[in-house]
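Colleague:
In my numbering, the protein residues as written are 154 to 619.
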């Protein structure tokens with residue numbers, strides 16, 4: 154049985170999170186202002202920079218594992234398994250009529266034996282025509298199973314996934330967002346990687362995350378920025394994993410062994426980012442997470458700054474929230490030295506540093522000298538530039554010239570994270586979060602959904618697969 158601190162059924166921690174967020178905020182502000190007031194403060198800052206720089210150097214010099222992109226070879230290897238593992242694909246959907254039909258058909262038509270694949274879509278009390286689309290598709294898609302949740306259902310996306318999990322049969326559980334797009338033969342790569350993992354207990358592969366790619370990347374500045382951001386993410390993820398650090402789940406396109414999920418007690422219904430929370434619980438239970446660059450799962454990027462602001466605020470809050478929830482086991486050494494250092498550096502650079510810019514600016518005004526965090530900020534931006542350029546080359550097979558142009562634009566786009574994180578930490582310290590279903594609105598091809606609903610004739614049943 155999982156330790157109590159990993160259980161998703163523990164008493165709700167929202168108020169404790171607020172108090173812990175307030176404490177962290179006070180420590181960050183106090184430490185930065187103290188560095189301004191003390192003569193040795195700048196040496197402390199340079200010491201932190203040295204730690205970050207050493208870890209970053211290890212990341213940039215790391216050799217990543219190369220996963221063969223030969224789908225025919227992967228399929229041949231997977232078919233040697235007798236029997237092939239059962240795979241359950243889950244989608245929690247709320248008001249997704251524009252995209253859910255395309256995803257349901259795509260998942261049910263994957264190149265994988267029909268008796269070893271099931272597709273579950275949870276209609277979580279949708280108020281649009283999501284339910285009608287799914288009802289019509291069930292007639293012709295034998296693998297499609299639909300669970301409908303009422304208005305009284307709790308737990309948001311995590312609650313929806315937990316509710317359906319007991320009815321699934323898969324050894325491998327895949328989770329997708331409603332706007333996901335995947336190649337038809339990608340499951341063989343997933344199966345091959347899970348069954349080819351080293352058997353040692355020190356590296357129990359519990360989950361895989363597909364690289365995310367933006368389908369509407371060419372639309373505007375914001376979508377192009379998100380495309381560069383995804384390349385940066387997978388570049389750093391692969392290197393963090395290669396030096397013994399922590400791979401992370403990203404929600405859409407994640408695959409988890411049932412044994413690992415059971416070991417963690419399912420999804421945590423007291424979090425707003427189920428994927429980031431599950432990431433920590435898997436690592437704390439001794440499971441490893443790998444990141445797969447090819448194939449990628451495609452998804453819609455948000456198209457306005459307002460949408461981006463709301464989405465990134467949720468991601469930032471959920472990411473910060475998990476450190477507040479699991480700080481004791483994280484500091485206990487349960488992760489091991491390599492993962493503990495990796496988590497600490499990542500927490501410092503992505504969460505604490507943007508928050509610290511505010512008291513740093515205040516200290517500069519009070520003591521009439523320059524900001525102390527300039528060197529760390531400049532180093533972090535420089536590292537991001539190199540990683541983003543490398544990621545664009547690696548993920549999109551772009552030329553160096555194109556990669557550099559994408560990186561310049563992407564770096565400007567990434568500046569949004571500073572005000573997002575600074576505002577989130579302030580808000581979390583003074584206001585309790587109310588847990589609810591929060592989703593990104595997907596546009597998709599509404600015309601396709603309308604055509605399916607409005608047609609008088611039923612679509613032809615798909616031919617069966619071996």
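Glycine included, every Cβ here is placed at the ideal spot set by N, Cα and C.
Can residue 378 and residue 527 be called in contact, C-beta distance under 8 Å?
Modeller: Here the question's residue 378 lines up with position 225 in the chain shown. Here the question's residue 527 lines up with position 374 in the chain shown. For residue 378 and residue 527, no; Cβs fall outside 8 Å.
Colleague: Let me confirm a value: residue 459 is counted as buried when at least 16 other C-beta atoms fall within 10 Å, else exposed. Which label applies?
Modeller: Within the chain shown, residue 459 is the residue found at index 306, counting from 1. Residue 459 comes out exposed.
Colleague: With H, G and I counted as helix, E and B as strand and the rest as coil, what does DSSP make of residue 358?
Modeller: To locate residue 358, count along the chain shown from 1; it is residue 205. Residue 358 falls in the strand class under three-state DSSP.
Colleague: Over the uninterrupted beta strand (DSSP E) stretch that includes residue 407, give me the two end residues.
Modeller: In the chain shown, counting from the first residue as 1, residue 407 sits at position 254. Looking at the DSSP string, the run of the beta strand (DSSP E) that includes residue 407 is 407-410.
Colleague: Would you call the segment 244-262 and the segment 194-211 in contact, with 3 or more CB pairs under 8 Å?
Modeller: At 8 Å Cβ cutoff, the stretches do not touch.
Colleague: Please give the ranges of any beta strand (DSSP E) in the segment 387-458, keeping only runs that are unbroken, at least 3 residues long and fully inside the region.
Modeller: Qualifying beta strand (DSSP E) stretches, in chain order: 407-410 and 440-452.
Colleague: Measure the alpha-carbon distance for residue 255 versus residue 329 and round it to whole angstroms.
Modeller: By 1-based counting over the chain shown, the position of residue 255 is 102. By 1-based counting over the chain shown, the position of residue 329 is 176. Using only the alpha carbons, I get a separation of about 13 Å.
Colleague: Where residue 366 and residue 339 are concerned, what is the direct C-alpha to C-alpha distance, given to the nearest angstrom?
Modeller: Reading the chain shown from its first residue, position 213 is the one you call residue 366. Reading the chain shown from its first residue, position 186 is the one you call residue 339. Rounded to the nearest angstrom, the two C-alpha atoms are 15 Å apart.
Colleague: With DSSP collapsed to three states, give me the class of residue 467.
Modeller: As a working mapping, residue 467 is identified with position 314 in the chain shown. If DSSP states are grouped into helix, strand and coil, residue 467 belongs with the helices.
Colleague: What do you get for residue 519, buried or exposed, if any count of 16 or more other CB atoms within 10 angstroms of its CB means buried?
Modeller: Looking up residue 519 in the chain shown gives position 366. Answer is exposed; the Cβ neighbour count stays below 16.
Colleague: Using the Cα positions of residue 368 and residue 448, report the straight-line distance between them to the nearest angstrom.
Modeller: Taking the chain shown and counting its residues from 1, one reaches residue 368 at position 215. Taking the chain shown and counting its residues from 1, one reaches residue 448 at position 295. Between residue 368 and residue 448, the C-alpha separation is close to 14 Å.
Colleague: Quick one, which of 301, 267, 271 and 291 has its alpha-carbon nearest residue 277's?
Modeller: Translated into positions along the chain shown, residue 277 becomes position 124. Checking every option, the nearest Cα to that of residue 277 belongs to 301.
Colleague: Is the beta carbon of residue 195 less than 8 Å from the beta carbon of residue 516?
Modeller: Locating residue 195 in the chain shown gives position 42, where the first residue counts as 1. Locating residue 516 in the chain shown gives position 363, where the first residue counts as 1. Not a contact, by the Cβ cut-off of 8 Å.
Colleague: Note the first and the last residue of the continuous beta strand (DSSP E) segment covering residue 245.
Modeller: The residue given as residue 245 occupies position 92 in the chain shown. Start and end: 240-246.
Colleague: Does the beta-carbon of residue 170 have 16 or more other beta-carbons within 10 angstroms, so that it is buried, or is it exposed?
Modeller: Looking up residue 170 in the chain shown gives position 17. Burial call: buried.
Colleague: Rounding to the nearest angstrom, what Cα-Cα distance links residue 488 and residue 436 in this structure?
Modeller: The sequence position of residue 488 within the chain shown is 335, counting from 1. The sequence position of residue 436 within the chain shown is 283, counting from 1. Straight-line Cα distance between these residues: approximately 7 Å.
Colleague: Could you tell me which residues DSSP puts in a beta bridge with residue 366?
Modeller: On the chain shown, position 213 is the one that residue 366 refers to. DSSP, once it has assigned bridges, lists 451 as partnering residue 366.
Colleague: How is residue 160 classed by DSSP in three states: helix, strand or coil?
Modeller: On the chain shown, position 7 is the one that residue 160 refers to. At residue 160, the pLDDT of 45 sits below 50, so the modelled position is not reliable; the number obtained from the coordinates is stated separately. Correct three-state label for residue 160: coil.
Colleague: Under 8 Å between the Cβ atoms of residue 475 and residue 506?
Modeller: The residue you call residue 475 lines up with position 322 of the chain shown. The residue you call residue 506 lines up with position 353 of the chain shown. For residue 475 and residue 506, no; Cβs fall outside 8 Å.
Colleague: Using a Cβ-Cβ cut-off of 6 Å (strictly less than) and excluding sequence neighbours within five positions of residue 472, which residues of its own chain qualify?
Modeller: Along the chain shown, read from residue 1 onward, the residue named residue 472 stands at position 319. Excluding residues within five positions, the ones whose Cβ falls inside 6 Å are 429.
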